[in-house]
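K.L.:
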Amino acid sequence: MQIAHYLNQFFGGVGAEEHAAMGLEIRDGAVGPGKVLESSLDGARVALTFVCGDNYAVERQDELTAAVLKKLREVNVDLFFAGPCFDAGRYGMAAGAIGRAVQAELGIPVVTAMSEENPGVDLYRDSLYIIDSGTNVTKLRDVVAKMAALGKKLSASEPIGLPAEEGYLRRGWLRDQLVEKKAAIRLVDMLLTKMKGEAFESEMPATSFAPVPIPAAVSDLSKAKVMLITDGGLVPKGNPDRIEGTAATRWGSYNVEGRDDLRAEDYEVSHGGYDTRFVQEDPDRLVPLDAMREMEKNGIIGKLHNEFISTCGRSNPLSNTRRLGREIAEKIKRDGVDAVILTST
Amino acid sequence: MQLTLANHPITDLQFGSPTRLEGTVLIADPAELRRLVLTDGSIIGVDFDIVRPGEPCRAGPVFDIIEPRAKEPGAGTDFPGILGAPFTAGLGTTHVLSGAAVSVLAEISPDLTRSATGRVLEMSGAPIEASDYAALRHLIVIPHTKAGLARQAIEKVYRVAGLRVAVALAQSALNHLAAEQNTFQSVGPGESSHEGLPRVAYIGQIFSRQRKPAVDEPILYGANTDGMLPIMLHPDEWLDGAVVPSLHSWFGGTETYFYQNHPIILDLYRRHHAREINFVGTIATIAGSDNFDRDRHCRAAANLVKWNLQADGAVLSKYGGGLPHADLAETARLLENMGIRTAVMVSDVSRDRRVESALLFNVPEVDAIVYNGGNDTKWQVPRLDRIIAATPEFTELLAGPMTIDAANIVGVTNQQGASRMRAIVY
């Protein structure tokens, strides 16, 4: 097995912070922790070691990544390791960026190692296996052994165990598994453990999201261009944009110029998650064009934008809705819209 | 209240005449059952079939699965409020044909936005280890309804037909000695035999107002739940026919079978019998359609658990799709703030398999979560010669070979606690 390994200037044996500006050096054979890797992997050989200064790596990350990829395209490598980086932030960021590119573009399995607090973890945990190295550098031998064991499994396409079994940091993904105990029994077990005041493990960690700042108020609504957007799935008859009724990947914008209300015969609803009969009877119940036209006439709003946007929010994962949101925001910015009323179901 | 289940294990199911129990072999008379089903004027024909564990066959779309059970004469009504007067369920003796099932197939698709074939009963191959239903002997009932019926009318016809056939089969056991009789120990908020043990309650959603129920939709004692507030039920009422799934819920992983064999209630009973807990009772509630609705239900449910059941802890389960997660979490939050510890069970909503998409609530108090999985499990199932379906179109759709999602095999993503499919965080 042929291995490539990425190290920073310190673990590459060049020196400490004063050498952080050094550029990429490509060496034949194992260096420092790479020798431990070789001894942990029977019959494996570190063919290449990339050594780079921490400052250079973060300041010229794209250049560095391209150079590593270029070199790896010229040689035959089965596995790529980076680190262990412990709590060295710049080292972790570089290891993550390079590792992700190597894995995604060359299809070579990658293992790195960092401490949970390393800023590289949050950025790359979802794409890479990151062994939990802790912060104690004297544990290097144990950490490298875990990296080697996981790398070996990855290159053999063996099933990978859970974080606690393999020693990697939780990646934030879900996978199905048939377990012995039915959900009902697990549920009562968990409650009773919790009631005893003992430690229990929820099957799903709480999620925390960065708060979305509230934008400044519209200073004068009577001069504002207002738009209606819905995730309730209202679409013109025939659903021209084929917006899916579950986990929609598309959105559409539909012209309402010259109309004072939405007629049932012109629209349908692509949404399987709520009782759509009332909207189907009168689409203004979801996209209140009639009420907005009145406000327009009475000067409460400046102008109603001549299109409304619609998608279907049902069971839509965040990775998808973020993209939809970005695309929609770009469009309404282009269209010079000042305020949006979002109607949901 | 005390329910006795008189258990008659069934090892085989055959056609014959008349319908009867011969030892552990259940014999079903199609002509007799046909006459029974056709008493409903909306049904113009009915087909029957039998499937057994391990047989290479596939049936679908499955509308409901029911365990054949019949009340001992004088003990009350079978499926009260639906098949008869709404007498209290859970009293006296009910005969159970364990190991048997009545499975109703539909002529219509449950929900085209998800799957044309709906939930499928698979009796062989890889999926069987994930569903309890593969281990049962099923009498398949395929009602054909007259043209021009509204969707909910068709579904109501399916519901009643299935329940009727299940009861009729089990009535064959009435004059037989049961292999075993299980009487549940007394439970209730004032039960003195379990004093000092942790007081535990169950709160189960039985409907979600994501859809308004049909006027005559039978859910709780035959009522459609419109306008209902949370209600205390004795656990035996759930087990004995007081609750059935809503009509348009056959995609939600709730079947009559697992109300009759409610995994959460049965586990609470098991621990009550083992003197691990004091099972103080249950609350049936519904998920609201708006915030006022939600607040009303969640507060009333929590108040009943606190003041009437005086529980120390509660387990909660949801119904339906995404929205009921909010009601579930809000109820648990209210309980936690009242000093009542909770654990909740939710269904898999993460379609991108990211943890960040896994929960539809973000409530710090709700920290004990059982997570049913299923969203990334697919099985490759082979072409089978024996496909049981209501129409030639469904027969063709189900013939295989095909890739089938876990959620489309009935029993795998059950929301009543019967699922062993977990989503694991890694």
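These protein sequence lines are chains A and B, in that order. Numbered according to the numbering used here, the first sequence spans residues -1 to 343. Numbered according to the numbering used here, the second sequence spans residues 473 to 898. The beta carbon of each residue, even a glycine, is placed where N, CA and C say it ideally should be.
1) Can you check whether the CB of B/TRP710 is closer than 8 Å to the CB of B/ILE691?
2) For the 8 Å Cβ check, are there 3 or more pairs between the stretch 243 to 262 of chain A and the stretch 496 to 504 of chain B?
3) Below 8 Å, how does it come out for the stretch 287 to 305 of chain A and the stretch 206 to 214 of chain A: are there three or more Cβ pairs, yes or no?
4) Shorter than 7 Å, the distance from the beta carbon of B/SER761 to the closest heavy atom of the ligand NAP, or not?
5) Where do the N-terminal and C-terminal ends of the beta strand (DSSP E) with B/ARG813 fall, by residue?
6) Output the distance between the C-alpha atoms of A/ALA197 and A/PRO203, rounded to the nearest integer angstrom.
7) Can you tell me whether B/GLY532 is buried or exposed, with buried defined as 16 or more other CB within 10 angstroms of its CB?
8) With contact counted as at least three CB pairs below 8 Å, one residue from each stretch, are the stretch 692 to 699 of chain B and the stretch 727 to 746 of chain B in contact?
9) Taking Cβ to Cβ, would you say B/ALA830 is nearer than 8 Å to B/VAL821?
10) Helix, strand or coil for A/MET193? Go by DSSP, reduced to three states.
11) Give me the residue from B/ASN834, B/THR863, B/ILE749 and B/MET810 with the minimum Cα distance to B/ASP799.
12) Using the Cβ count rule (16 or more neighbours within 10 Å means buried), how would you classify B/GLN852?
13) Please state the DSSP three-state secondary structure of B/ILE482.
14) Counting C-beta neighbours from all protein chains within 10 Å, is the total for B/ASN733 16 or more, i.e. buried, or is it exposed?
15) If you measure between the beta carbons of B/ASN606 and B/GLU594, is that distance less than 8 Å?
16) Quick one: give me the first and last residue of the alpha helix (DSSP H) that A/LEU176 is part of.
17) Mind listing the chain A neighbours of B/ALA890? Cutoff is C-beta to C-beta under 8 Å, in chain order.
18) When DSSP builds the beta bridges, which residues end up paired with A/CYS310?
19) Starting from B/ALA878, find everything on chain A with Cβ-Cβ shorter than 8 Å and list it in chain order.
20) Measuring alpha carbon to alpha carbon, tell me which residue in A/ASN296, A/THR205 and A/LEU46 is nearest A/LEU70.
21) For B/LEU621, which residues from the same chain have a beta carbon less than 8 Å from its beta carbon, with the 5 sequence-adjacent residues on both sides left out?
22) Verify whether the separation of the beta carbon atoms of B/GLN677 and B/THR757 is less than 8 Å.
23) Sort A/LEU35, A/ALA93, A/GLY132 and A/GLY271 by Cα distance to A/ASN53 and report the nearest one.
24) Please confirm whether B/ILE675 and B/ALA773 have their CB atoms less than 8 Å apart.
25) Starting from A/TRP249, follow the alpha helix (DSSP H) in both directions and report where the run begins and ends.
26) How far does the alpha helix (DSSP H) with A/LYS96 in it reach, from first residue to last?
27) Alpha helix (DSSP H) containing B/TYR674: first to last residue?
28) Any C-beta of chain B within less than 8 Å: which residues of the stretch 197 to 216 of chain A qualify?
29) Name the residue from B/ILE612, B/GLY562, B/PHE559 and B/HIS567 whose alpha carbon lies nearest to the alpha carbon of B/ASP519.
30) Would you list, in sequence order, the uninterrupted alpha helix (DSSP H) runs of no fewer than 4 residues that lie entirely inside the stretch 858 to 893 of chain B?
31) CB-CB under 6 Å to A/THR228, same chain, minus the five flanking residues each way: which ones, in chain order?
32) By Cβ distance below 7 Å, which residues in the same chain neighbour B/GLY846 in space, the five residues on each side in sequence not counted?
33) Using the Cβ count rule (16 or more neighbours within 10 Å means buried), how would you classify A/THR247?
34) Against chain D, does A/TYR265 count as a neighbour if the rule is that its beta carbon must be under 8 Å from one of theirs?
35) Would A/TRP171 count as contacting chain B if we go by Cβ distances under 8 Å?
36) On the three-pair Cβ rule with 8 Å, is the stretch 776 to 791 of chain B touching the stretch 633 to 647 of chain B?
P.N.:
Here's the rundown:
1) no
2) no
3) no
4) Absent from the structure shown: the ligand NAP. Ligands present: none.
5) 813 to 818
6) 14 Å
7) buried
8) no
9) yes
10) helix
11) B/ASN834
12) exposed
13) coil
14) buried
15) One detail in the question is off: residue 606 of chain B reads as Ala in this sequence, not Asn. Against a cut-off of 8 Å, the Cβ pair of B/GLU594 and B/ALA606 comes out as a contact.
16) Counting along the chain, A/LEU176 falls outside any alpha helix (DSSP H), though it belongs to the beta strand (DSSP E) covering 172 to 176.
17) LYS180, ALA181 and ALA182
18) A/GLY230
19) ASP174
20) A/LEU46
21) SER514 and VAL629
22) yes
23) A/ALA93
24) yes
25) Note, A/TRP249: premise wrong, no alpha helix (DSSP H); not H, not E.
26) Note that residue 96 of chain A corresponds to Ile in the displayed sequence, not to Lys. Residues 87 to 104.
27) Unbroken run through B/TYR674 is the beta strand (DSSP E), 671 to 680; no alpha helix (DSSP H).
28) PHE198, SER200, GLU201, MET202, PRO203, ALA204, THR205, SER206 and PHE207
29) B/ILE612
30) 864 to 870
31) LEU284, VAL285, SER308 and THR341
32) ASP820, ALA878, ALA879, VAL884, THR885 and MET893
33) exposed
34) No chain D is present in this structure, whose protein chains are A and B.
35) yes
36) no
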